[in-house]
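**Q**
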Amino acid sequence: MATFNLQGKFFAVTGAASGIGRAVACKLYESGASLSLCDVETKGLAEVKDFLQQKWPSHRGIILTEVVDVADSKKVEGWIESAVKSVGPLDGAANLAGIATNKSFPNGITDVTDEDWGRMIGVNLTGLFYCLRAQLRDGRMKNGSSIVNAGSAMSKLGNPADGGYAASKHGVLGLTKSLAKELGGREIRVNCICP
1 MATFNLQGKF
11 FAVTGAASGI
21 GRAVACKLYE
31 SGASLSLCDV
41 ETKGLAEVKD
51 FLQQKWPSHR
61 GIILTEVVDV
71 ADSKKVEGWI
81 ESAVKSVGPL
91 DGAANLAGIA
101 TNKSFPNGIT
111 DVTDEDWGRM
121 IGVNLTGLFY
131 CLRAQLRDGR
141 MKNGSSIVNA
151 GSAMSKLGNP
161 ADGGYAASKH
171 GVLGLTKSLA
181 KELGGREIRV
191 NCICP
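Position one of the sequence shown corresponds to residue 1 (the working numbering), numbered consecutively onward.
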């Protein structure tokens, strides 16, 4: 049973093919919202769209999907521009795409390659910046909207041999706090979850 009435509202969700992104997409759609979902996982994105349509067959909301690597500014810009042209300005965004490394760095930071570091920062922090910039430019986000960004417990902590992830998530929290102050005059709320 839906706990919010979001009929007529439109949200962008990154990382929507799995995990928290998928759960948020489900809750938004259940509550009546239209969605523009993105992820790098083509199959997972198709599966979540099918699931939403089967679970709530009477819902008249729109579900747009697009395969997007948030670390690619042109793809992000194209995704948001297309979504807003199709449906209208956003009422909110859940920027939940992110990666963690599955590599082991027994010697800590000295084992981290330029590629490892670049990808972690590129997706988790720079990718978030690309999404926010695309969502907020040219009237694409309504005044009074809400943005939620995915941090982590590591947004406030450090962890041996995991400096890249911690640095990227500290950056998410800092960017979120700065934007909350920047956008307050437009009554756009910007928050960071830190699971």
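All C-beta atoms in this analysis are idealised placements derived from N, C-alpha and C, irrespective of residue type, glycine included.
For the candidate residues Arg133, Ser31, Phe4, whose alpha-carbon lies nearest to that of Ser73?
**A** Position 73 of the sequence shown, counted from the start, is the residue given in the question as residue 73. Ser73 has its Cα closest to that of Arg133, out of Arg133, Ser31, Phe4.
**Q** When you compare each of Asn107, Val48, Ser145 to Pro160 by their alpha carbons, which one comes out closest?
**A** Numbered from its first residue, the sequence shown carries residue 160 at position 160. Ranking Asn107, Val48, Ser145 by Cα distance to Pro160 puts Asn107 first.
**Q** Among Val70, Lys181, Ile62, which has the Cα closest to the Cα of Val40?
**A** In the sequence shown, residue 40 corresponds to position 40, counting from 1. Of the candidates Val70, Lys181, Ile62, the one whose C-alpha sits nearest the C-alpha of Val40 is Val70.
**Q** Just to confirm the assignment: which complete beta strand (DSSP E) runs, minimum length 3, are found wholly within the segment 22-58?
**A** 34-39
**Q** Closest to Gly144 by C-alpha separation, out of Ala83, Glu187, Cys131, would be which residue?
**A** Counting from 1 along the sequence shown, the entry for residue 144 is found at position 144. Among Ala83, Glu187, Cys131, the Cα nearest to that of Gly144 is on Glu187.
**Q** Under the DSSP definition of a beta bridge, which residues are partnered with Leu90?
**A** Start at 1 with the first residue of the sequence shown, and residue 90 comes out as number 90. Bridge partners of Leu90: Met141.
**Q** Are the beta-carbon atoms belonging to Leu96 and Thr176 less than 8 angstroms from one another?
**A** Here the question's residue 96 lines up with position 96 in the sequence shown. Here the question's residue 176 lines up with position 176 in the sequence shown. Their beta carbons are not under 8 angstroms apart, which means Leu96 does not touch Thr176 by this criterion.
**Q** Which residues in the same chain as Thr126 place their Cβ atom closer than 7 angstroms to its Cβ, once the five residues preceding and following it in sequence are excluded?
**A** Here residue 126 refers to the residue found at position 126 of the sequence shown. Around Thr126: Ala71.
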